[in-house]
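These notes concern the structure reproduced below.
Numbering (the numbering used here), first residue to last: 16 to 305.
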């Protein structure tokens, strides 16, 4: 009885092992090839549940989704022989499972190594055909588009890999070159600053000279006008004085004498020594007012 139960248990275990080695599932996110003693017999196994012959057939599964290759920083030279440190990434996926398996043995690490070599060669060629300015700003998007298109033809043919996109994350100058570039940029900016300062000083001198000239002209015109007005005023005053004098010369002389007395004796300490017969006291001596 015990031996019979043991036999049944062995049979059940054998069936489980047989089923485990005979059934396999390919999910929607996977691609698979079926091998027979290492040779590809079905290069594109469909998704779902399948049966294979144990110990004869082998199933290799690969990722169907887009994968990312984040490459280490590489140094390339432009057409002017300027070194640039470039950090890039690539998007890729398996397009032909049989070719992918035979080229990489189905190993993603090996596939990324081969892909990185191709991309590095392509970037080196593309950078070597362009100037520093074109690589950094002007034609970088065009460069990446051309590189992706050209390399995709090669990777599909040789590795069964579809290269979806290649993008540059960062482009830097090497440390030893960056300092010289920054120094040159600094000297150029200082030169531009000196030019602006000299231009500003020149314009300031022109403005200052123009203002001084205008000030001199305005002052001269004002002085001329004031002298004209003063002369006209003096002439008018002289005319008035002459008219008043001609109307009553004696009275005019008397008023002028009184004004002279007032100014001469404005202070109590004033002392004037003159002859009593002097013309200055003529009206003081003539009490009759003649």
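Ideal Cβ positions, reconstructed from N, Cα and C, are used throughout, including at glycine.
Owing to the predicted nature of the structure, the values given are computational and were not obtained by experimental measurement.
- In this structure, residue 112 lies near residue 175, with their beta-carbon atoms less than 8 Å apart.
- Here residue 78 is near residue 44, since their CB atoms are less than 8 Å apart.
- The three-state secondary structure of residue 76, taken from DSSP, is strand.
- The closest CA to that of residue 136, considering only 90, 209 and 210, is found on 90.
- Judged by DSSP in its simplified three-state form, residue 56 adopts strand.
- The three-state reading of DSSP puts residue 264 in helix, counting H, G and I together.
- Pairing residue 245 with residue 226, the inter-Cα distance amounts to about 28 Å.
- Leaving aside the five residues that flank residue 170 on each side, the residues in its chain whose CB is nearer than 6 Å to its CB run, in chain order, 176 and 178.
- At a Cβ-Cβ threshold of 8 Å, residue 126 and residue 115 count as neighbours.
- Taking the C-beta atoms as reference points, residue 134 is found nearer than 8 Å to residue 181.
- For residue 143, the enclosing alpha helix (DSSP H) stretches over residues 123 to 143.
- DSSP places residue 158 within a helical segment (H, G or I) once states are collapsed to three.
- In this structure, the alpha-carbon of residue 140 lies about 29 Å from that of residue 80.
- Exclusion of the five residues before and after residue 106 leaves 81, 83, 179 and 180 as the residues of its chain whose Cβ lies within less than 7 Å of its Cβ.
- Across the structure, residue 206 and residue 240 are spaced so that their CA atoms are roughly 51 Å apart.
- Between residue 150 and residue 93, the gap from beta carbon to beta carbon is short of 8 Å.
- Using a 10 angstroms sphere on the CB of residue 158, the tally of other CB atoms reaches 16 or more, which defines it as buried.
- Taking a contact as a CB-CB distance under 8 Å, the pair residue 48 and residue 55 counts as one, their CB atoms being some 5 Å apart.
- Taken through DSSP and simplified to helix, strand or coil, residue 255 comes out as helix.
- Taken through DSSP and simplified to helix, strand or coil, residue 169 comes out as helix.
- Taking the Cβ atoms as the reference, residue 76 lies roughly 16 Å from residue 37, outside the contact range of under 8 Å.
- Beta-carbon to beta-carbon, residue 103 and residue 216 are separated by about 49 Å, too far to satisfy the 8 Å threshold.
- The shortest CA-to-CA distance from residue 166 to any of 260, 132, 121 and 24 is the one to 132.
- Between residue 219 and residue 212, the alpha-carbon positions lie close to 10 Å from each other.
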